[in-house]
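>
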Amino acid sequence: MKKTIIALIIIVLIALFPFVRLDSIQDKYQPVKETSDFEIRGDAVSIFAKGLSYKTISQVPQMIDSAAFEGLFVHLQRSFPLVYSALSIDTLSTHTLWMKLEGSSTQADNILFISHLDVVPVDPKTIKDWEALPFAGEVKNDFIYGRGALDDKASAFGILEALETMLASGWRPAHNYYFCFGQDEEIGGTYGARLAAEHCREQGVSFRVLFDEAGTISIGSVPGLEDTPIALIGIAEKGYISVEVNFEQPGGHSSMPEKENAILSGAAFITSLNDDPIFKPEFTEPLQGFMDHLAPEMSFGLKWAFGMRPLTNSLILSSYQKSATGRALTTNTAVATMVGAGIKDNVVPSSSRVVCNTRILPGYSINDIVDAYAERAAEFGGTVQWYNDYGSGPTASSSYESADFITLGQSIKSTFPNTLISPYLTLGGTDSKNFDGLSAQTFRFLPIPLTKEDLPRIHGINERIHVDAYHDLCQFYIDLFQRIE
Ligand SMILES: [Zn+2]
């Protein structure tokens, strides 16, 4: 009977296919406005490469290497003289640069570009595997090597290079351009972008649009479109929360163990996170936009499946559950990251502790997540509390129908012509989350094409960018500055 029903459903779905309209919406990203060509300087690459030699590493806030940041600031001032003379520059916190280029219009909008100058450390054990040293600023076989070559000094230097080039040509914008180059994005942005955002709140400064890093031009990572470069623009960012779950049960002598104890309760709770996930998969707005933008570009079968939504939603959602990325895009992830119990090898402990981390989908609050954990933990006799009192909710979703999203798409197509444009959900954290509520739109995009094989280079071994890719990145910002106007 069940098989007959499924067969009937499939027949109905196939019969409905001629009525499924799934037209491409990529045309609106074809650049209409002509932009001027500006040639970037001959020493742009060597300036950027040298910037990678400053060890502006983020570990914990107390360990900030002031000398490395001061050295980098001297290098920036020498390398970008027009930027330093035309813009007002402030270090709102200790080592974050806050710059402003005043617009000429009496009705100027405020536009904000964010990137960060800190980098993650390099594991000393892996240095032997680097093809060039991570803090030497070396260019080898046309690749610029070093920590920060992708994340995120590339965008900081690219923005500055684009500005320097345009200022040299006499360009003066109509709008007000702000730039925030953060010092501690890799450890949450507490003393950099957050202070800058607080400054804006105090001064009553808000923004029409904010551009930050995150999504890249992905090659080979989107199933069904493996051969096409796709610009994934983060229109929202997941939130972050960790909870501590405690289990208490009488312990005792290990020579006569009971069938139940605190360790077993904790283990059963952890196992349940995988076997029966607390949070069910769903499509949020960024993913709806992702499917609307990319499904029409896919093969017949996939187009059919996406075209039949919402009838096929459960089918598509279950296919997303097969990969870590798919699960991260469609669920509030829940994973145990720290466990603890026991004081001696011959004592059954009377308590155990499990710390779990969740990245929160748009539409949920931190309290929703804590409550759901509490309900599940109670089934195993556990109690829940926030871990470290730290958490951040998901950001609001920006509109992919907005003029600034379309402008961004057009700049991408202008610099990277065969690229598809799509909204996306940013899975990690960026500095822009600190500005949530201060900008009408926030888009997270780093204009660098990356294959699946390149992705582990971010925060990993042999972080590098091709010289041509760095040129394209600078050209992208030159194009975007003109198109925003
Ligand atoms: Zn980054």
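In my numbering, the protein residues as written are 37 to 521.
Just so you know, even glycine gets a beta-carbon here, dropped at the ideal spot from N, CA and C.
In terms of DSSP beta bridges, what is residue 215 paired with?
Residue 215 is bridged by DSSP to 135 and 149.
> For ligand 2, I want to know if residue 187 counts as a neighbour, meaning its beta carbon is within less than 6 angstroms of at least one of the ligand's heavy atoms.
Ligand 2 is not part of the structure shown, which contains ligand 1 as its ligands.
> Roughly how many angstroms separate the alpha carbons of residue 514 and residue 199, rounded to a whole number?
7 angstroms
> What do you reckon, are the CB atoms on residue 480 and residue 250 nearer than 7 angstroms?
yes
> Along the chain, where does the alpha helix (DSSP H) that runs through residue 117 open and close?
In the DSSP annotation of this structure, the continuous segment of the alpha helix (DSSP H) that includes residue 117 starts and ends at 117-122.
> Check whether the Cβ of residue 249 sits closer than 6 angstroms to any heavy atom of ligand 1, and report yes or no.
yes
> Using C-beta distances below 8 angstroms, list every residue in its chain close to residue 430, excluding the 5 sequence neighbours before and after it, in chain order.
272, 273, 274, 275, 396, 397, 398, 399 and 400
> Decide if the region 287-302 is in contact with the region 486-496; the criterion is three or more beta carbon pairs, one per stretch, under 8 angstroms apart.
Two segments are said to touch when three or more pairs of C-beta atoms, one from each, lie closer than 8 angstroms; by this definition the region 287-302 does not touch the region 486-496.
> Alpha carbon to alpha carbon, how far is residue 269 from residue 169?
31 angstroms
> Within the same chain, show all residues whose beta-carbon is closer than 6 angstroms to that of residue 258, passing over the 5 residues directly before and after it, in chain order.
266
> Pull the bridge partners of residue 282 from the DSSP assignment, please.
389 and 419
> Can you tell me whether DSSP reads residue 351 as helix, strand or coil?
helix
> Which residues in the same chain have their Cβ closer than 7 angstroms to the Cβ of residue 484, if we skip the five residues on either side of it in sequence?
186, 190, 252, 253, 501, 505 and 509
> What are the residues that DSSP puts in a beta bridge with residue 440?
Residue 440 pairs with nothing; no bridge assigned.
> Give a yes or no on whether the C-beta atoms belonging to residue 245 and residue 440 are separated by under 7 angstroms.
yes
> Per DSSP, what kind of secondary structure is residue 247 in: helix, strand or coil?
strand
> Kindly list the residues whose CB is nearer than 7 angstroms to the CB of residue 144, restricted to its own chain and excluding five residues on each side of it in sequence; keep chain order.
Contacts found: 210, 211 and 212.
> For the beta strand (DSSP E) containing residue 265, name the first residue and the last one.
265-273
> I'd like to know whether the C-beta atoms of residue 446 and residue 157 end up nearer to each other than 7 angstroms.
no
> Between 427, 407 and 473, which has its C-alpha nearest residue 420's C-alpha?
407
> By Cβ distance below 8 angstroms, which residues in the same chain neighbour residue 65 in space, the five residues on each side in sequence not counted?
442, 445, 446, 448, 449 and 457
> Shortest alpha-carbon distance to residue 325 belongs to which of 69, 215, 459 and 349?
459
> Tell me, please, whether the region 145-156 touches the region 214-233 by the rule of three or more beta-carbon pairs shorter than 8 angstroms.
yes
> Quick check: the region 120-133 against the region 222-231, are at least 3 beta-carbon pairs closer than 8 angstroms?
yes
> By the three-class DSSP mapping on this structure, what secondary structure does residue 456 have?
strand
> Classify residue 176 as helix, strand or coil using the three-state DSSP reduction.
strand
> Where residue 232 and residue 241 are concerned, what is the direct C-alpha to C-alpha distance, given to the nearest angstrom?
11 angstroms
> Please return the same chain residues whose Cβ sits closer than 6 angstroms to the Cβ of residue 409, not counting the five positions on each side in sequence.
Contacts found: 279 and 420.
> Taking the alpha-carbon positions, what's the residue 378 to residue 371 distance?
21 angstroms
> Could you check where the alpha helix (DSSP H) with residue 98 kicks off and where it finishes?
No alpha helix (DSSP H) holds residue 98; DSSP gives it neither H nor E.
> If you follow the alpha helix (DSSP H) that residue 326 is in, where does it begin and where does it stop?
321-330
> Using CA atoms only, rank isn't needed, just tell me which of 418, 475, 348 and 98 is closest to residue 214.
The option with the nearest alpha carbon to residue 214 is 475.
> Identify which residue in 58, 507 and 470 has its Cα closest to the Cα of residue 178.
507
> Starting from residue 202 and walking both ways along the alpha helix (DSSP H), at which residues does that stretch end?
Secondary structure note for residue 202: its alpha helix (DSSP H) is the uninterrupted segment 189-204.
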